[in-house]
Structures are given as C-alpha cells and as structure tokens.
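Q:
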Amino acid sequence: MRTTRILSCEDIGEIVGSVGIDALLDRLIARLETAFKELDSQNAVIPPRTGIHYQNPDLGLLEWMPASIGKGLASLKVVGYHPTNPGKRNLPTILSSIGLFDTTTGHLKCLVDGTFATALRTGAMTAIASKYMVEPKNGIVLGIVGSGAQAVTQIHALSRVFDIDRVLACDIDRSAADSLQERIQFTGLKVEVVELEGLKPLLESSDILCTCTSADPGSGPLFNDFSNRPNLHINAVGSDFPNKIELPISLLKRSFVCPDFKLQAQAEGECQQLLEQEIDTELSALLNSADLQNKAKDRLSVFDSTGHAYADYVTASLFEQLAQELGLGQELQLESIPQDPRDPYSFLGKALSAERTLHELRN
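Residues in the sequence shown are numbered consecutively from 12, following this note's numbering.
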C-alpha cells in the first residue's frame with residue numbers, strides 16, 4: 012500500500028518544538044546555501060511559476076511552483092497570495108501547500124503545510140544572499156519597510172547571520188509596526204518604530220534594508236531614491252506580482268542587482284523594471300563566484316527575492332526528513348490504487364459488487 016505522509020501545522024509545530032526555532036532556521040540556511048551552490052542547471056527542471064490572477068471578490072492569485080533536480084523526487088507548491096486576508100479575514104496573506112512526488116511513479120509521498128515553510132525559507136534565502144553581498148561588521152542597522160508576517164522571518168534569519176544592533180521598522184498600518192516588537196521578542200532584538208514621515212531617515216540610516224510589503228500593483232515605488240549609507244544592501248521581498256514594484260528604478264540602475272530566479276524576477280520582481288544587461292547575476296552564480304561577491308559588497312546592492320521553487324523543494328524535504336526522524340505526520344492512502352491498473356473501478360470492491368447486485372435485481 013502506497014501512503015502519503017501528511018504534515019499538518021500541528022506536526023510542523025512539533026518539529027519546531029523538538030528542534031528549536033533557531034536551530035531549525037540555522038539548519039535550513041545551511042542546507043539551502045549548499046543546495047544553491049550545487050544546483051545543476053543541466054539536470055534541474057525548474058520553470059518560472061505560473062498561475063491565475065483575479066480581482067473578484069478581491070485582488071489575489073493562485074500559483075504553482077514545480078521543481079525537480081533529477082534525483083527521483085519533485086516538488087510542487089500551490090500558493091495563494093491574498094493581501095486583504097489579514098484585515099478582512101484574520102488569515103495570512105500567503106497560504107500554501109507543498110507536495111513531494113516520486114518522479115518514477117508520480118506518487119505523492121508527502122504533503123506539507125507550506126504557509127510556515129514559505130515564510131521560513133524566504134527569510135533563509137534573504138540571509139544567504141545578504142551573507143554574500145554584505146561585508147560583515149559589528150552593530151548593523153537593519154531597516155524594515157513593511158512590518159507584516161514576512162518581517163518576522165526577515166529579522167530572525169538576518170539575526171542568525173549578522174550582528175544586528177538596531178531594528179528600525181515602518182508600516183503604513185501603524186498597528187503592524189507597533190506589534191512587531193512582540194512578534195520578534197524571541198530574538199532578543201529591540202524594534203524602533205518609525206513614523207511614515209520618518210521613512211527617509213530610516214532609509215538613510217540602514218546598513219541592510221528589507222522591503223516586504225503588500226503594496227498594490229501599480230502603486231509603487233514605495234519611496235523615492237535617497238542618499239544611502241556606503242554599500243547599503245537591500246532585500247526586496249515584496250514584489251511578487253506583475254506591475255508590483257517596491258524600489259525606484261533610479262536606485263536599481265545604480266545597484267548591483269541579483270535576483271533569486273532571473274526569468275521569474277523579470278516577470279514579477281524588481282527586475283521587471285530593468286533591461287537584461289542591467290541584471291548582474293543570479294543567486295546560484297553569485298554563491299560560486301568570489302569576484303561577483305566582491306563586486307556586490309563594494310557598492311549599493313539589491314537582492315530581488317520573488318521566491319524560488321527549488322527552495323521550496325529543499326525546505327519541504329527537510330521537514331519530511333525531520334518528521335520521519337521524530338515519527339510525526341499521518342500516513343494516509345490518498346490515491347486510489349486499483350488492483351488492476353487498467354481498470355480504474357477495480358479498487359471499489361464491495362461498492363461495485365453492490366451496484367452490480369442492484370442491476371441484477373432490476374433485471
């Protein structure tokens with residue numbers, strides 16, 4: 012009998028409780044860093060994500076993100092982006108599920124709650140990119156524009172890689188900015204909430220800046236160009252929709268720009284504002300080139316994070332491994348496996364016999 016391991020949010024919570032949130036994130040950062048350094052583009056099949064966008068009843072989208080690296084396993088994430096969820100429904104903006112499939116048979120091996128996994132891997136990817144694009148130093152000032160759910164994992168992941176002295180946070184929704192301190196209390200960092208009128212000083216004071224907003228498509232950029240600190244690094248996380256941008260084009264044009272996934276970022280990231288030759292490299296190439304790393308560290312730099320399906324593959328695989336080690340998850344036979352593979356009804360057994368008996372009685 013082929014079963015599927017179901018990892019619910021409760022199972023994910025058990026994993027975090029057993030491993031520890033810091034240790035789990037450290038492990039994920041290390042695994043993703045290795046995975047993207049060793050990514051074999053010749054054997055990997057990772058197309059840009061696609062999906063459906065809609066305006067009714069509210070702006071939203073559903074997208075699917077497949078990935079296979081030729082090792083007998085593939086992942087497929089289905090992710091929903093609905094920016095009105097927190098205010099209207101008390102739900103996260105991003106909800107998702109990740110399936111891990113046996114590419115020999117197509118069997119669904121594991122189904123993982125992808126909401127927490129997506130948030131965690133996005134923070135981890137930012138930490139990795141920043142590690143290779145920022146010269147380490149003591150007392151880093153971290154600026155946060157957009158204080159929602161993603162701000163938590165951005166701050167947490169960056170704190171695992173850098174010595175952060177100050178966190179300056181701003182949000183158009185003051186309640187989001189005010190509650191950020193409580194949500195990152197476990198990191199030991201203090202948040203200084205900045206009024207919208209003080210956004211320019213926040214931008215000009217930051218050594219690392221993260222933009223992680225749910226701004227409407229067509230409403231960007233979030234701010235005008237500004238006089239930045241030497242070698243400022245920006246993690247642009249919120250641009251995930253065609254015509255949705257966070258950064259001004261003049262800033263991008265004077266930056267070293269590195270997307271996580273170039274083709275995807277050109278469709279719905281900050282890179283949709285740039286010409287091909289204005290994009291310097293892609294993350295996997297950056298991780299393998301000291302020359303590119305030095306160029307990024309020596310000037311204003313931008314990591315254009317749109318979300319990478321291979322990162323979902325790596326993250327879901329880690330959760331599956333930990334669930335197996337801890338004996339977590341529910342094994343269910345989701346797929347109908349007929350006794351005769353040429354007869355899709357053969358698994359019905361008694362139900363089909365009863366139907367046959369009913370027909371005989373009628374005749």
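Quick reminder that beta carbons are idealized off the backbone N, C-alpha and C, glycines included. Given the structure is predicted, the values throughout are model-derived calculations rather than measurements.
Can you give the Cα-Cα distance for L220 and I23, rounded to whole angstroms?
A: Rounded to whole angstroms, L220 to I23 spans 29 Å at the Cα level.
Q: Could you say which of S364, P94, I57 and T61 lies nearest to I80 if we only look at CA atoms?
A: With distances taken between Cα atoms, I80 lies closest to I57.
Q: With DSSP collapsed to three states, give me the class of S291.
A: Sequence inspection shows Asp at residue 291; the Ser mentioned does not correspond to that position. Here D291 sits in coil by DSSP.
Q: Since D69 contacts T45 with CB under 8 Å, what's their CB separation in whole angstroms?
A: Contact flag wrong, Cβ pair sits at about 39 Å.
Q: Can you name the residues that DSSP bridges to K88?
A: The partner list for K88 (beta bridge, DSSP) reads M76 and I109.
Q: So which of L18, L285 and L214 has the shortest CA-CA distance to L111?
A: With distances taken between Cα atoms, L111 lies closest to L18.
Q: Taking the straight line between their C-alpha atoms, what separation do you get for V145 and D351?
A: Between V145 and D351, the C-alpha separation is close to 59 Å.
Q: If you count every other CB in all the chains shown that lies within 10 Å of the CB of L153, and 16 or more means buried, which is it?
A: So L153 counts as buried.
Q: I'd like to know whether the C-beta atoms of D323 and A276 end up nearer to each other than 8 Å.
A: For D323 and A276, no; Cβs fall outside 8 Å.
Q: Taking the alpha carbon of S29 as the point to measure from, which residue in G360, G338 and S347 has its own alpha carbon closest?
A: Taking only the C-alpha atoms, the option nearest S29 is G338.
Q: Report the CB separation of A140 from L294 in whole angstroms; it is logged as a contact under 8 Å.
A: The Cβ separation is near 6 Å, so the contact holds.
Q: Per DSSP, N246 forms a beta bridge with which residues?
A: C221 and F314, per the DSSP bridge assignment.
Q: Taking P270 as part of the beta strand (DSSP E), name the residues at either end of that continuous run.
A: Segment F267 to P270, the beta strand (DSSP E) holding P270.
Q: Considering Y65, what are the terminal residues of the beta strand (DSSP E) in which it resides?
A: Start and end: T61 to Y65.
Q: What do you get for C20, buried or exposed, if any count of 16 or more other CB atoms within 10 angstroms of its CB means buried?
A: By the 10 Å Cβ count, C20 comes out exposed.
Q: Taking 8 Å as the cut-off, does the region 202–219 touch the region 172–184 (at least 3 CB pairs, one atom from each stretch)?
A: Output reads yes: the region 202–219 touches the region 172–184.
Q: Using a Cβ distance threshold of 8 Å, determine whether the region 128–136 contacts the region 326–342, with at least three qualifying pairs required.
A: With a cut-off of 8 Å, the region 326–342 and the region 128–136 count as touching, because enough Cβ pairs lie within range.
Q: Using a Cβ distance threshold of 8 Å, determine whether the region 49–56 contacts the region 265–284, with at least three qualifying pairs required.
A: Taking 8 Å as the limit for Cβ pairs, the verdict is that the region 265–284 does not touch the region 49–56.
Q: What does E203 pair with, by DSSP beta-bridge criteria?
A: Paired residue(s): L179.
Q: DSSP three-state call for V123: helix, strand or coil?
A: Note: V123 maps to strand in three-state DSSP.
Q: Which class does T15 belong to by DSSP, given the choice of helix, strand or coil?
A: If DSSP states are grouped into helix, strand and coil, T15 belongs with the strands.
Q: I'd like the list of long-range same chain contacts for S347, defined as Cβ closer than 8 Å, with 5 residues on each side in sequence excluded.
A: So the list reads P355 and F358, once near-sequence residues are dropped.
Q: With a cut-off of 8 Å, do at least 3 Cβ pairs link the region 249–257 to the region 218–233?
A: Touching, yes, given that three or more Cβ pairs across the two stretches are closer than 8 Å.
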